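Just so we're aligned, residue 0 is where the sequence shown starts under numbering that gives the first Met the number 0, counting upward by one. Even for Gly, the Cβ is constructed at its ideal location relative to N, Cα and C. None of these values were measured; they are calculated from a predicted model. To keep things clear, I will list the structure first and then write my remarks on it.
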Amino acid sequence: MSLYEQIKADLGYLKLDAAAQSFATLAEQARVDEWTHIEFLARLIAEQATADRDRRLTARLRYARFPYRRTIEEFDYDFQPSVDRKLVEDLATLRFIDEHRPILFLGQPGCGKTHLAVALATLAVEAGYRGYFTTADNLCRTLVRASIEGNLASKLKTFTAPTVLVIDDVGLLPIGGTEASSVFFQVVNTRYEKGLPTLVTTNRGLPEWGAVFGDTVVAAAVLDRLMHNAIVFNIKGPSWRLREHNNLQIASTTTNERSLN
Numbered sequence: 000m001s002l003y004e005q006i007k008a009d010l011g012y013l014k015l016d017a018a019a020q021s022f023a024t025l026a027e028q029a030r031v032d033e034w035t036h037i038e039f040l041a042r043l044i045a046e047q048a049t050a051d052r053d054r055r056l057t058a059r060l061r062y063a064r065f066p067y068r069r070t071i072e073e074f075d076y077d078f079q080p081s082v083d084r085k086l087v088e089d090l091a092t093l094r095f096i097d098e099h100r101p102i103l104f105l106g107q108p109g110c111g112k113t114h115l116a117v118a119l120a121t122l123a124v125e126a127g128y129r130g131y132f133t134t135a136d137n138l139c140r141t142l143v144r145a146s147i148e149g150n151l152a153s154k155l156k157t158f159t160a161p162t163v164l165v166i167d168d169v170g171l172l173p174i175g176g177t178e179a180s181s182v183f184f185q186v187v188n189t190r191y192e193k194g195l196p197t198l199v200t201t202n203r204g205l206p207e208w209g210a211v212f213g214d215t216v217v218a219a220a221v222l223d224r225l226m227h228n229a230i231v232f233n234i235k236g237p238s239w240r241l242r243e244h245n246n247l248q249i250a251s252t253t254t255n256e257r258s259l260n
């Protein structure tokens, strides 16, 4: 076996697959461009490091279970002028993670709450943090089932371990029953005590949360944790989905008129 083949085989054995795959190309480029040994080694390591970062990011995004990819840049502030653009851009620096600040997004369905929450959580994942997305209903159902099956303690970590947790649609469905409201509180309280930011979207006003939880005491305890040092967006504007629906209707009407003509 030649020295070249030995190096490539050893790189593969060490699971440095990206370096192994690019070794021949970089070695030839180093010969042609007369790189120093250090320059060649730096390029080879950079290939492997880039591949590792991309692989880990892909794994973190898969783990996060975001329903879709959204970015801050895609948000239409002209359509939702009640959203403070400067505040959103400040949050995009991820300072809210270091400052342990929850974020609440209030507003009617379709106003962009989930877009902003997912976009901020995605930025956190891209920066190397662990993120996770769930609906309030899924969180409660999952943990109530885990409690029945006797593995609540381990399952709680799904929601309490990630640096950033998005809980979507609080209040869309009632969090009925003592057990459901209890596990929801446990998640919020544990994250509060650990200083981990929770991003919550809701179409209910905060005074309505007592009805959502079916217990004003539990609702007050949850809000006490979520509102401490929180950043609150109260989005007052039309629905993105209705805009798309109206645009579709206009397009369909125009098409029909052309057909008739």
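Taking a cut-off of 8 angstroms for Cβ pairs, the region 163-179 and the region 125-138 touch, as three or more such pairs fall below it. F184 sits in a helix when the DSSP states are folded into three classes. Within a 10 Å sphere around the beta-carbon of E98 sit fewer than 16 other beta-carbons, which makes this residue exposed. Spanning the alpha carbons of T159 and T189 requires a straight line of approximately 6 angstroms.
Of the residues assessed, P196 falls on the buried side of the cut-off, its CB having 16 or more other CB atoms within 10 angstroms. Excluding residues up to 5 positions away in sequence, F158, I166, V182, F183 and V186 lie with their Cβ nearer than 8 angstroms to the Cβ of L138 in the same chain. With contacts defined by Cβ atoms closer than 8 angstroms, E46 and A18 form a contacting pair. Boundaries of the alpha helix (DSSP H) around I147: A135 to E148.
Beta-bridge pairing by DSSP links G130 to V163. Per DSSP, V199 is one residue of the beta strand (DSSP E) stretching across T197 to T201. Membership of V231 in the beta strand (DSSP E) is indicated by the continuous run I230 to I234. At a Cβ-Cβ threshold of 8 angstroms, I234 and K112 count as neighbours.
Just so you know, the alpha carbons of F74 and E148 end up roughly 42 angstroms apart.
Within the region 63-134, the complete beta strand (DSSP E) runs of at least 3 residues fall at 102-106 and 130-134. A63 counts as buried, since at least 16 other C-beta atoms from the protein chains shown sit within 10 angstroms of its C-beta. For K7, the enclosing alpha helix (DSSP H) has its first and last residue at L2 to Y12.
DSSP places S21 in the uninterrupted alpha helix (DSSP H) bounded by D16 to D32. For the 8 angstroms CB-CB criterion, G109 and S21 do not form a contact. Annotation for A179: C139 and V143 place their beta carbon closer than 7 angstroms to its own, counting only its chain and skipping 5 residues before and after. Sixteen is the threshold: when 16 or more other Cβ atoms of the shown chains lie within 10 Å of the Cβ of G170, as they do, the residue is buried.
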